[in-house]
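Numbering (our numbering), first residue to last: 953 to 1224.
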């Protein structure tokens, strides 16, 4: 959120209303300030932006796979022009969901890669392959068609501003089409929010928020990450300084913790 009229105008928007907490505000981006005119160029039947809510993950994955099938076979989109992004970055969620989706795509004879999880970190937009990935790996890359799944994660309020920034990063990877999907009640709320925004196009109307509260949440998220980083650094220092015999004794007493630690280290080896 930008707090000053001059900031909005500097990036090409016209502002109506006073940017103070509780006031109704309207921003508008003139066509000449938006070089991507896909809505005028494209004459097909696909909506540029679609948000869908499903009852369960299997239904969501089935819809995404079938939609990609239609993109490739009916719309003539090259597989490498399609990227699926998981908004939820948890590795177990990513591995499970994207592997499941990869299998579904193979049933349609559409190959895919999962950079940094099941494939090389460089396996992005390979000719003939759909890319399945996370927000962090998608940064710096763009595609004609972007799917953002697990979007109900938007309402994980532990780090709401950070997650919304990640959602923006995922959506803005698209050159043209965006399909946003998720499950359950939270996704129903997200779908309503998105459709309300789309209903006001080409304007964006909203009640101006409390900028101090936004900054407080951002600061809280930053402090939390700094604290976690400091805790991890402290734990690593203690581990390095431990007596090897003491470590071996602890391993014998609690082998399950050792397995969990080894699994974590293996996962970190795969991180960018």
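Idealized CB from N, CA, C, for every residue including glycine.
- Checking the DSSP bridge columns, you'll see residue 1101 partnered with 1038.
- Within the same chain, 1020, 1021, 1024, 1031, 1082 come within 7 Å of residue 1062 by CB-CB distance, once the 5 residues on both sides are set aside.
- Just measuring C-alpha positions, the residue of 1151, 1027, 1009, 980 sitting nearest residue 995 is 1027.
- In the three-state scheme derived from DSSP, where H, G and I count as helix and E and B as strand, residue 1004 is classed as strand.
- For residue 1157, the enclosing beta strand (DSSP E) begins and ends at 1155-1159.
- Rounded to whole angstroms, the Cβ separation of residue 1014 and residue 1056 is 7 Å, and the two are in contact under 8 Å.
- Nearest neighbour of residue 1144 by Cα position, chosen from 1127, 990, 1175, 1104, turns out to be 1104.
- Contact between the region 1141-1158 and the region 973-982 is present: 3 or more CB-CB pairs across the two stretches fall below 8 Å.
- Judged by DSSP in its simplified three-state form, residue 1023 adopts helix.
- Counting along the chain, the unbroken beta strand (DSSP E) around residue 1128 starts and ends at 1126-1135.
- A Cβ-Cβ contact shorter than 8 Å links residue 1133 with residue 1012.
- Between residue 1066 and residue 1084, the CB-CB gap stays under 8 Å.
- Proximity to residue 1089 across 1043, 1052, 1129, 1206 peaks at 1043, based on C-alpha coordinates.
- Distance between residue 973 and residue 960, taken at the CA atoms: about 16 Å.
- When 1036, 1127, 1101 are compared, the shortest CA-CA separation from residue 989 is found for 1127.
- In the DSSP assignment, residue 978 falls within the beta strand (DSSP E) that extends over 976-980.
- In this structure, DSSP gives residue 1085 an extended state, which the three-state scheme calls strand.
- Spanning the alpha carbons of residue 1125 and residue 1094 requires a straight line of approximately 5 Å.
- Residue pairing of residue 966 in beta bridges, as defined by DSSP: 980.
- Minimum Cα-Cα distance from residue 1048 among the listed residues 1000, 1142, 1102 corresponds to 1102.
- Residue 1213 and residue 997 have their C-alpha atoms roughly 50 Å apart.
- Judged by DSSP in its simplified three-state form, residue 1030 adopts coil rather than helix or strand.
- A distance below 8 Å separates the beta carbons of residue 1001 and residue 1150.
- When the five nearest sequence neighbours on each side are left out, the beta carbons in the same chain lying within less than 6 Å of the beta carbon of residue 1079 are those of 1032, in order along the chain.
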